[in-house]
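Peer 1: Here it is: the structure, laid out below.
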Amino acid sequence: MKKKLICLFVFSIISLYGYSQNLINECNQGYSKSCLALMWQAKDLKDTKNFALYQEKVINMLDKACAKDFQACLMLANMYGDEKTALHISQMTNAMKDNTDSSKNKTIQSKQVFSQKLVNSQGLNVANKERSNSESIFSNSTLQIFSVVQNAQKVLHYQEQSIPLLETACYYNDNVQACVLLSYFSEYGIATAQNRPKAKRLFDLALDISTRKCMLENESACDLLDVYPNYQQEIAENIADLERKCEENDSLSCWRAMLYYTQGYYTGSHKQGHEDKSDFVKSAHLLQKVCKLDKKHCENTIFQHKNAKECLLKNNMTACRNVEGSNKVEFLSLACDSGDLQSCYALRSLPLFQETKRYIKLLQRMCRGGVIEACTELADIYRDGKRVAKDLKKSLSFSQRACNWSIKNQSDGGVCEYAGIGYEEGKYVKQDIQKAIESYRYACLSAKYGGSACGRLGNLYEKYKGNPKDTIQWHIKACEGENISVKSCNKVAQAYFRGDLLPQDINKAIEIYDKILMNNQPHKEDAYFALANIYSQDTIYSHKTQTMEENEFLDYAKSLIYYRKACEMGLESACDIQVVFKDIAQECFMGNYNSCYQVASTLELLQDSYYKGKIKLDIENIRFDSAMLPNSSLSNFPNKELDSHAISLLSNQLYIRACRYDVAQACKRAYSLGLAQIQNMKNLQSQDSKNMEFYKGICKYIEKEKVKSICIEVAKYALNNQEYAEAIWALESFNAKNDIEPLNLITMAYFYTKEYVKLLDTYKLIYKYGVPSDYYYLGVMYEDGLGVRQNYLNASRIYSVSHSARGYYGLARMFEYGLGVYRDFGRAKDLYQVACPLDIHSAQNPTISFSYTGVSSESDEPLGSDVANVETYEDKSFGLGFEKYVSPLACVKLGNLQKQDNNLKQAQQYFIQACEFGYNGNEILCENILK
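Count the sequence shown with mature numbering (1 follows the signal peptide of the UniProt record, and there is no 0) and you get residues -20 to -1, 1 to 911, in order.
Next up, the structure:
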């Protein structure tokens, strides 16, 4: 019903848009699902004509499939039948009767479930997959859509046609569903002579096939047997006879005997409380025998598991213990029977051991034999009182036994910590500190999570060995990994801070304290308090110089926050601490920019009432930078409490000021507050250098991808000021396909720093990504032989196809000096004018015809496999906008030419244009020109 509703919903949606052409095409190609879908659609649209058309197609497909597929035949029989003649599962249920007295004990309900599973089971159906045209979509509910005239003759015809197909599927393909259907036909005499004994045999055959498949790990087959307990009861009554026949190489008897000795373990029919006669060792030996008798069935099923074949056919116990991917208990049972105790321990979940006494005895036997997991489980059982009375003495005894086995076998020693506690405290056993040390040491060195044991070992060394340097090494070990000892970590951090037991390393101390805070364990208040002390001290004693030195980790705001955390966790000594800032505001104003950060971060805390009584800060001498906060009306503060707006404005300015002067934390905080947003990129470079220093700090300390636009502006500012190394630093991390502007800008920086290899690699990347570029510096490299062999032909080609002002400037230069072309000063001047049009609105990439007459044909070394021949650059060189329409160098050149011709007015115009477009050379002084 659910499938039908889904189909109706889907096709009602489709109907809004008419018939799907894809479905029509698929239906015409013989795909029955599509035809059926079109039937539903036609019915929903009340389109009787198309409904009849697609119904006929489906029936024809089923009729054709009926030659090979019994499912198709039976679907057609049901389609043409009525309530009396159609095949129904409920009728099949009543048909499947045993002609024995035991059949009276079966319930109708169990038989119905069994019948439905047999008929509908996908797991047991082995007919050709092509029958999906019928079976997979034509359920009884789906058949209701068909509208055909009932025809008893056709019903009989299709049922008769299915008989040989059912027989083939049942007898030769082991198809349980086919066997059940044949049983039903024989029981009722449908399309064949009535033969109830045959019906009984066929039904038993279906169960026998299910038995074999169940024993070969087919879960669907096991589920079917679960609802037919009388079959298993009959096997139980004849088990002696079945074992005798199995010895005589009757494989069916072996399969049945196997089912008996598993006692419903695989079928799910095992019941607690009844006598358990399961014997998986016998079952395993039967499996070995039957896989030799019936090898073909094992080959394609159970032998597919790694090591299974070696185990069953060659009796290899190592293989039995290591069979992969199988749920068969028999493999481990064989290994256990041969003396492998680990395999025996793995079998503890069997029904045989559900009784507590048996279970405990099994574990005790395993523990005595050296199975560490068994000893550990017994320790847990007695410690927690699971299934037995709580007994801490026994628990400790088994944990100590587990520890002894672990040490002997050199295996994981996690259990040794619990054993060591017993030896240390002397509970239930005589106190033995040496054994406690041995247990802790083994747990510390071998356990996956031995941090706690290492910490206990450190404490014992501290208390009984009296060697501080050995002690601290165990505490260091306790602070490694995930399962750390908080107390040990605190001791190690203190040692690093003081520099007595370990070389002084404040960074390392902070790192360890932070590790404690990140850990999920309790008792972090000492770490918070210690960190607060570090961050609040103006000076720290240096063990190396034995003098007090300035504290580079000073962070008043963080110290206040951490004191509060420690206080809230119950450390009373942290609750009343006040931080007094002596002259820190004045230090900020006088140029200590870390102090500016300290003041700013502390001011932010003042907005929380908790901190107002904890902070004493004089801010009278803090001045605002009107360039950064022009709307601020705050120029001087009286000695009174600031409102939150004033605090926010002042702290923001101080973060910016500190960031300008390379205080990393200030830059990070400024960015998080949104202070680095640039409202107008065009105006950024015109701002003073102080503001640019702020943006440099943002680019330096914030993840580059987050502040790409800022880094680009920083790079442009650097390029304009000929600070090429700084431009490279700002841009070199941007090398993705969408990094159009950074990739083009960095070519200039690489060129002027003579990083020709990197420049060539960048152009290869630009070409690979198809990034628009004029390749100007590549042309210059070929023109001057920089990083590549000099080649005027390549240079002129690149310039001519660049469609950028500087490209035309390069080409003009070649004509002026006769570089690879006949010298032509008139042509050069024309190109200079194209590169520097006084009316830039008319300069829209004019096409320049270019003759290669006189160009050197000297060969050149290749650009590399990632860059095509330069002749193909024209496809991807569109000009970027950086000197796209105006080349400042061309403007200066034209200005000088006009000056030589005494045309001073036009020369002035060219010089002005050169300056306006970023000229920064030495031939003219732009500051005077623009004035």
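Cβ coordinates follow ideal geometry from the N, Cα and C atoms, glycine included.
Remember, predicted model here, so these are calculated numbers, not experimental data.
Which term fits Lys748, buried or exposed, when burial requires 16 or more other beta carbons within 10 angstroms of its beta carbon?
Peer 2: Answer is exposed; the Cβ neighbour count stays below 16.
Peer 1: Is Met761 helix, strand or coil when you go by DSSP?
Peer 2: Correct three-state label for Met761: helix.
Peer 1: On a Cα-Cα basis, can you pick out the residue from Leu146, Glu6, Glu36, Asn5 that is closest to Cys53?
Peer 2: Among Leu146, Glu6, Glu36, Asn5, the Cα nearest to that of Cys53 belongs to Leu146.
Peer 1: List the residues that DSSP assigns as beta-bridge partners of Glu530.
Peer 2: Answer by DSSP bridge pairing, in chain order: Thr519.
Peer 1: For His277, is the classification buried or exposed, using 16 other Cβ atoms within 10 angstroms of its Cβ as the cut-off for buried?
Peer 2: His277 should be labelled buried.
Peer 1: Write down the C-beta distance between Val643 and Tyr577 rounded to the nearest angstrom, noting that I regard them as a contact closer than 8 angstroms.
Peer 2: At roughly 5 angstroms, the Cβ-Cβ gap stays under 8 angstroms, so Val643 and Tyr577 are in contact.
Peer 1: Could you pull the DSSP bridge partners for Ile636 from this structure?
Peer 2: Beta-bridge pairing links Ile636 to no other residue.
Peer 1: Return the CA-CA distance between Met19 and Glu36, expressed in angstroms with no decimal places.
Peer 2: One C-alpha to the other measures close to 10 angstroms.
Peer 1: Would you mind working out which of Thr172, Arg236, Asp230, Ile904 sits nearest Leu187, comparing C-alpha positions?
Peer 2: Residue Arg236 is the option with its Cα nearest to Leu187.
Peer 1: Rounded to the nearest angstrom, how far is the Cβ of Ser465 from that of Gly435, given a contact under 8 angstroms?
Peer 2: Contact flag correct, Cβ pair sits at about 3 angstroms.
Peer 1: Thinking just about the alpha-carbon of each residue, which of Lys257, Asp230, Ser258, Gly248 is nearest to the one in Cys271?
Peer 2: Comparing Cα-Cα distances from Cys271 to each of Lys257, Asp230, Ser258, Gly248, the minimum goes to Asp230.
Peer 1: Measuring alpha carbon to alpha carbon, tell me which of Lys29, Ala359, Ser306, Asp274 ends up nearest Cys396.
Peer 2: Minimum Cα distance to Cys396 is reached at Ala359.
Peer 1: Looking at Ser784 and Val801, is the spacing between their C-beta atoms short of 8 angstroms?
Peer 2: Result no, Cβ atoms of Val801 and Ser784 do not sit closer than 8 angstroms.
Peer 1: CB Met297 to CB Asp320, shorter than 8 angstroms?
Peer 2: Yes.
Peer 1: What is the DSSP secondary structure of Ile904, counted as helix, strand or coil?
Peer 2: Residue state, collapsed to three classes: coil.
Peer 1: First and last residue of the alpha helix (DSSP H) that includes Tyr168?
Peer 2: First-last of the alpha helix (DSSP H) with Tyr168: 156 to 168.
Peer 1: Could you give the DSSP three-state label for Ala894: helix, strand or coil?
Peer 2: Helix, per DSSP.
Peer 1: Between the alpha carbons of Tyr772 and Tyr797, how many angstroms are there, rounded?
Peer 2: Between Tyr772 and Tyr797, the C-alpha separation is close to 12 angstroms.
Peer 1: Between which two residues does the alpha helix (DSSP H) containing Ala179 stretch?
Peer 2: Counting along the chain, the alpha helix (DSSP H) containing Ala179 begins and ends at 176 to 195.
Peer 1: Verify whether the separation of the beta carbon atoms of Gly901 and Ala887 is less than 8 angstroms.
Peer 2: Taking 8 angstroms as the Cβ cut-off, Gly901 and Ala887 do not qualify as a contacting pair.
Peer 1: Could you check if Gln526 is buried or exposed, using at least 16 other CB atoms within 10 Å of its CB as the buried criterion?
Peer 2: That one is exposed.
Peer 1: In the structure shown, what three-state DSSP assignment does Ile595 receive?
Peer 2: Ile595: strand per DSSP, three-state reduction.
Peer 1: Do Tyr789 and Ala815 have their beta-carbon atoms positioned less than 8 angstroms apart in this structure?
Peer 2: Yes. Within cutoff.
Peer 1: Would Ala173 pass as a contact of Gln139 if the rule is Cβ separation under 8 angstroms?
Peer 2: In this structure, Gln139 does not lie closer than 8 angstroms to Ala173 by Cβ.
Peer 1: Provide the residue span of the alpha helix (DSSP H) that contains Phe731, from first to last.
Peer 2: Counting along the chain, the alpha helix (DSSP H) containing Phe731 begins and ends at 720 to 732.
Peer 1: In angstroms, rounded to a whole number, what distance separates the CA positions of Arg478 and Asp371?
Peer 2: If you take the alpha carbons of Arg478 and Asp371, they lie about 46 angstroms apart.
Peer 1: In this structure, how does DSSP classify Val559 when only helix, strand and coil are distinguished?
Peer 2: Reduced to three states, the DSSP call for Val559 is strand.
Peer 1: Alpha carbon to alpha carbon, what distance is there between Ser306 and Lys26?
Peer 2: So the two alpha carbons sit approximately 54 angstroms from each other.
Peer 1: Over what stretch of residues does the alpha helix (DSSP H) that includes Met346 continue unbroken?
Peer 2: 336 to 348 is the extent of the alpha helix (DSSP H) around Met346.
Peer 1: Could you check if Cys691 belongs to the surroundings of the ligand FAD, using beta carbon to heavy atom distance under 7 angstroms?
Peer 2: Within the structure as shown, the ligand FAD is missing, as the structure has no ligands at all.
Peer 1: DSSP three-state label for Gln284, please.
Peer 2: Residue state, collapsed to three classes: helix.
Peer 1: Could you please give the first and the last residue of the uninterrupted alpha helix (DSSP H) stretch that includes residue 914?
Peer 2: Residue 914 lies beyond the stretch modelled for the chain, which goes from -20 to 911, so this question has no answer here.
Peer 1: Which residues in the same chain as Cys202 place their Cβ atom closer than 6 angstroms to its Cβ, once the five residues preceding and following it in sequence are excluded?
Peer 2: Cys194, Tyr246, Thr247, listed in sequence order.
Peer 1: Which residue from Lys366, Arg367, Gly400 puts its Cα closest to that of Val381?
Peer 2: A small correction: the amino acid at residue 381 is Arg; Val does not occupy that position in the sequence shown. Out of Lys366, Arg367, Gly400, Gly400 has the C-alpha closest to the C-alpha of Arg381.
Peer 1: Cutting at 7 angstroms between CB atoms, please list the residues of its own chain near Glu357, excluding the five before and the five after it.
Peer 2: Excluding positions up to five away in sequence, the list reads Leu343.
Peer 1: In angstroms, rounded to a whole number, what distance separates the CA positions of Leu16 and Asn58?
Peer 2: Taking the straight line joining both Cα atoms gives about 17 angstroms.
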